[in-house]
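Colleague: What the sequence shown shows, in UniProt numbering, is residues 1 to 95, in sequence order. For each residue, glycine too, the CB sits at the ideal point set by N, CA and C. Quick one: the structure is below, and I'll ask about it shortly.
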Amino acid sequence: MRVTLSRLASFSAKLKEVRIILDPNDKASKGARKYVERFYPNLKKSNPNLPILVRECAGVKPKLWARYENGQEVSIPLSNQPAPDIQKQLEAVGK
(Lines of atoms letter the chains of each structure in order from A and count residues from 1; the text may use other names and numbers.)
(Lines give C-alpha, C1' and ligand atoms only; values in the text may rest on other atoms or scores of the structure.)
Protein backbone atom coordinates (compact mmCIF):
# COMPACT_ATOMS: atom_id res chain seq x y z
CA MET A 1 0.00 0.00 0.00
CA ARG A 2 1.37 3.38 -0.94
CA VAL A 3 0.74 6.14 1.58
CA THR A 4 0.96 9.76 0.54
CA LEU A 5 1.45 12.82 2.70
CA SER A 6 -1.99 14.10 1.76
CA ARG A 7 -3.51 10.92 3.20
CA LEU A 8 -1.43 11.30 6.34
CA ALA A 9 -2.55 14.90 6.84
CA SER A 10 -6.31 14.35 6.64
CA PHE A 11 -7.16 14.14 10.34
CA SER A 12 -10.35 15.59 11.76
CA ALA A 13 -9.99 18.66 13.96
CA LYS A 14 -11.80 16.65 16.67
CA LEU A 15 -8.76 14.37 17.04
CA LYS A 16 -6.60 15.79 19.83
CA GLU A 17 -3.93 13.14 20.42
CA VAL A 18 -2.61 9.91 18.93
CA ARG A 19 -0.56 7.40 20.92
CA ILE A 20 1.12 4.27 19.66
CA ILE A 21 2.17 1.90 22.43
CA LEU A 22 4.55 -0.94 21.54
CA ASP A 23 7.13 -3.35 22.87
CA PRO A 24 10.60 -2.62 21.44
CA ASN A 25 11.43 -6.34 21.13
CA ASP A 26 8.21 -8.36 20.98
CA LYS A 27 7.29 -10.09 17.73
CA ALA A 28 3.66 -8.89 18.02
CA SER A 29 4.92 -5.27 17.84
CA LYS A 30 6.99 -5.75 14.68
CA GLY A 31 4.43 -4.06 12.40
CA ALA A 32 4.01 -1.15 14.81
CA ARG A 33 7.79 -0.65 14.95
CA LYS A 34 7.99 -0.72 11.15
CA TYR A 35 5.12 1.76 10.93
CA VAL A 36 6.84 4.18 13.30
CA GLU A 37 10.19 3.85 11.51
CA ARG A 38 8.66 4.43 8.09
CA PHE A 39 5.82 6.89 8.65
CA TYR A 40 6.27 8.78 11.94
CA PRO A 41 8.58 11.55 10.60
CA ASN A 42 6.22 12.53 7.78
CA LEU A 43 3.14 12.02 9.92
CA LYS A 44 4.50 14.42 12.54
CA LYS A 45 5.71 16.87 9.90
CA SER A 46 2.24 16.92 8.30
CA ASN A 47 0.52 17.41 11.66
CA PRO A 48 2.78 19.70 13.72
CA ASN A 49 0.03 20.77 16.14
CA LEU A 50 -1.27 17.27 16.85
CA PRO A 51 0.48 15.37 19.63
CA ILE A 52 1.55 12.05 18.11
CA LEU A 53 3.24 10.03 20.82
CA VAL A 54 5.15 6.77 20.53
CA ARG A 55 5.71 4.89 23.76
CA GLU A 56 7.86 1.80 24.09
CA CYS A 57 7.40 -0.46 27.08
CA ALA A 58 8.54 -4.04 27.59
CA GLY A 59 5.75 -6.57 27.96
CA VAL A 60 2.91 -4.53 26.45
CA LYS A 61 0.72 -5.51 23.54
CA PRO A 62 0.83 -2.90 20.77
CA LYS A 63 -2.13 -0.51 20.65
CA LEU A 64 -3.21 2.65 18.93
CA TRP A 65 -4.96 5.17 21.17
CA ALA A 66 -6.87 8.17 19.86
CA ARG A 67 -8.19 10.96 22.12
CA TYR A 68 -10.89 13.32 20.87
CA GLU A 69 -11.95 16.83 21.90
CA ASN A 70 -14.81 15.54 24.08
CA GLY A 71 -12.38 13.44 26.15
CA GLN A 72 -13.43 10.18 24.51
CA GLU A 73 -10.61 7.72 23.91
CA VAL A 74 -10.52 4.82 21.48
CA SER A 75 -8.07 1.93 21.73
CA ILE A 76 -7.29 -0.39 18.82
CA PRO A 77 -5.10 -3.48 19.25
CA LEU A 78 -2.23 -3.68 16.75
CA SER A 79 -0.78 -7.12 17.55
CA ASN A 80 0.77 -8.80 14.52
CA GLN A 81 -0.58 -6.18 12.10
CA PRO A 82 1.62 -5.05 9.20
CA ALA A 83 2.40 -1.35 8.78
CA PRO A 84 -0.16 -0.80 5.96
CA ASP A 85 -2.96 -2.14 8.17
CA ILE A 86 -1.85 0.17 10.98
CA GLN A 87 -2.08 3.08 8.54
CA LYS A 88 -5.68 2.07 7.78
CA GLN A 89 -6.46 1.99 11.50
CA LEU A 90 -4.93 5.44 11.95
CA GLU A 91 -6.94 6.82 9.03
CA ALA A 92 -10.13 5.39 10.57
CA VAL A 93 -9.59 7.04 13.97
CA GLY A 94 -8.58 10.31 12.31
CA LYS A 95 -11.89 10.80 10.49
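#1: With DSSP as the reference, identify every bridge partner of Glu73, one or two as the case may be.
#2: For Tyr35, does the count of other Cβ atoms within 10 angstroms reach 16, so buried, or fall short, so exposed?
#3: Whole alpha helix (DSSP H) runs in the stretch 19 to 49 with 4 or more residues, listed along the chain?
#4: Buried or exposed for Gly59, going by 16 or more other Cβ atoms inside 10 Å?
#5: How long is the line joining the alpha carbons of Lys14 and Asn47, rounded to whole angstroms?
Modeller: Reading it off the structure:
#1: One-based indexing of the sequence shown puts residue 73 at position 73. Answer is Arg67, bridged to Glu73.
#2: By one-based count along the sequence shown, residue 35 stands at place 35. It counts as buried.
#3: Counting only runs of 4 or more, we get 30 to 46.
#4: As a first step, residue 59 is located in the sequence shown; it is residue number 59 there, counting from the start. Burial call: exposed.
#5: Position 14 of the sequence shown, counted from the start, is the residue given in the question as residue 14. Position 47 of the sequence shown, counted from the start, is the residue given in the question as residue 47. Their Cα atoms are separated by approximately 13 Å.
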